[in-house]
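For reference, the structure is listed below as structure tokens.
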Amino acid sequence: MDGATHPCVLLVEDEMCLAMMLQDLLEDAGYRVIKAARVPAALTLAEGEDIQAAILDVNVAGREVFPVADELRRRGVPFMFASGYGERGVPGEFSEYPILQKPYDPVALGSMLENVLARPGVPLS
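Structural data, given as structure tokens:
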């Protein structure tokens, strides 16, 4: 990726070590990363930042991330969920969005994020 077109990815993850590992993986792959560890902070970023994609942990410090997903969907920003619970942790209204299973597989993360970015604003089934 050339220096002028680093896609910005919003990473919403409350486990600091996991967030740092994901940030390193994403930055090594050429993405610019902004992070939030709480839903209110993530919502502020989702409302105001120029984001090309997002990775949303379903349960963030005991709160569900779905208000952030609603805002991203409203803005047409593609996203995927991250969860240790798989599809069971995501309500039906978001069933078309991809779910990255924890623990993270770096290869799966990279390919899923590329797929999300390839179809901006369109849920993947």
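Here my numbering is used: the first residue of the sequence shown is 4, the next is one more, and so on. Every residue gets a Cβ at the ideal spot worked out from N, C-alpha and C, and that includes glycine. None of the values given here were measured: they were computed from a predicted structure.
{"Item": "Would you tell me roughly how many angstroms separate the C-alpha atoms of M19 and M115, rounded to the nearest one?", "Value": "22 Å"}
{"Item": "Kindly provide the ranges of any alpha helix (DSSP H) runs that are 4 or more residues long and lie completely inside the stretch 6-92, ordered along the chain.", "Value": "19-31, 42-51, 69-78"}
{"Item": "Using 8 Å as the cut-off, can you tell me whether the stretch 8-24 makes contact with the stretch 58-66, which would need three or more C-beta pairs spanning the two stretches below that distance?", "Value": "yes"}
{"Item": "Nearest-angstrom Cα distance between V42 and A121?", "Value": "26 Å"}
{"Item": "Going by the beta-carbon positions, is the gap between G79 and K105 smaller than 8 Å?", "Value": "no"}
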